[in-house]
Structure formats: C-alpha cells, structure tokens
Amino acid sequence: DEEAMEPLHEMDMDGQVLSLSINEQIGCGVAALANGRVALFSLDDGEVLGAWRPPMGLGVHARSALIVQNSAAGDTQFRGFGEGQEVPEEDVWSVACGASDGTMYVRR
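Residue 203 in my numbering is what sits at position 63 of the sequence shown, and the numbering runs on without skipping anything.
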C-alpha cells in the first residue's frame, strides 16, 4: 500500500549523507556528512539533536559514523579505592566516526 511507502520523516542535513547508522535501542541515528559534520538525530520526530565537526584538516571529511554503547546501567564504575567507592553507572553512549584521512574520533 502507498501509505506504507511514505517516509516517516524528511530531514535537511545541510550536506550530502555519506554514512547512516541507526540505533533503535536509544531511538537515535547518526549521519556522516560530506561537509565534515556528524549529525545525531531522533528517530521519533526526525529532529536533529546535535551536530559536531571533528577537528579534521582541510579536504578531510567524516566517512562513517555510528553510535556505540560504552557501558550499561548497573555496570560498576570505580571512583577510587576502598569500601563504598563502587558506583553503578547509567547507560553511556558515544558517537564514533572515521575520517577520510584515516583518523578516528569518539565523542560522548
């Protein structure tokens, strides 16, 4: 049916999309753009939640991007030595991107 073929959202990313990665678990996607930016967006409403330009040189652009989970809620994080220094963590996610010059960047 034609309604099923209609897009849920249409977003202007302000650049050509070179790579697209979706993480349904957190309801976000990330796109690497030809203008060097990496954009994080909501799957619920298509809103761009943030954009970032890794510190790349002239003529270098992000070629791929993905969302990675660094730790899950309930994992133990150690803040020091001794009793009571273990603190359960919240979910922690990062955006990683690879650049056309072979460098990689990660941002929480």
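The beta-carbon is built from N, C-alpha and C at its ideal position, and this holds for glycine as well.
Keep in mind that this is a model prediction, so the values were computed, not measured.
request  = Look up M244 in the DSSP assignment and say whether it is helix, strand or coil.
outcome  = It is a strand residue.
inquiry  = Helix, strand or coil for A171? Go by DSSP, reduced to three states.
reply    = If DSSP states are grouped into helix, strand and coil, A171 belongs with the strands.
inquiry  = For G169, count the other beta carbons within 10 Å of its own beta carbon; 16 or more makes it buried, fewer makes it exposed. Which is it?
reply    = By the neighbour-count definition (other C-beta atoms within 10 Å, threshold 16), G169 is a buried residue.
message = Just to confirm before moving on: does the CB-CB distance between I162 and L183 stay below 8 angstroms?
response = Against a cut-off of 8 angstroms, the Cβ pair of L183 and I162 comes out as a contact.
task = Measure from the alpha carbon of D241 to the alpha carbon of each residue in Q209, G176, V200, then state which is nearest.
result = It is V200.
query = Would you call the CB atoms of P195 and C237 closer than 8 angstroms?
reply = No, these two residues do not count as a Cβ contact at 8 angstroms.
task = Please name the residue, chosen from G167, A174, L148, M145, that lies closest to D154 on a Cα-to-Cα basis.
result = The shortest Cα separation from D154 among G167, A174, L148, M145 belongs to A174.
inquiry  = Below 8 angstroms on the Cβ atoms is my contact criterion, and I expect V178 with V235 to pass it. Report the Cβ-Cβ distance as a whole number of Å.
reply    = At roughly 6 angstroms, the Cβ-Cβ gap stays under 8 angstroms, so V178 and V235 are in contact.
message = Suppose the cutoff is 7 angstroms on Cβ atoms and the five residues either side in sequence are ignored; what does the same chain contact list for R203 look like?
response = Within the same chain, R203 has close Cβ partners L158, S159, A172, G238, A239, S240.
request  = Taking only runs that begin and end inside the region 175–207, name each unbroken beta strand (DSSP E) of 3 or more residues, in chain order.
outcome  = Qualifying beta strand (DSSP E) stretches, in chain order: 178–182, 188–192.
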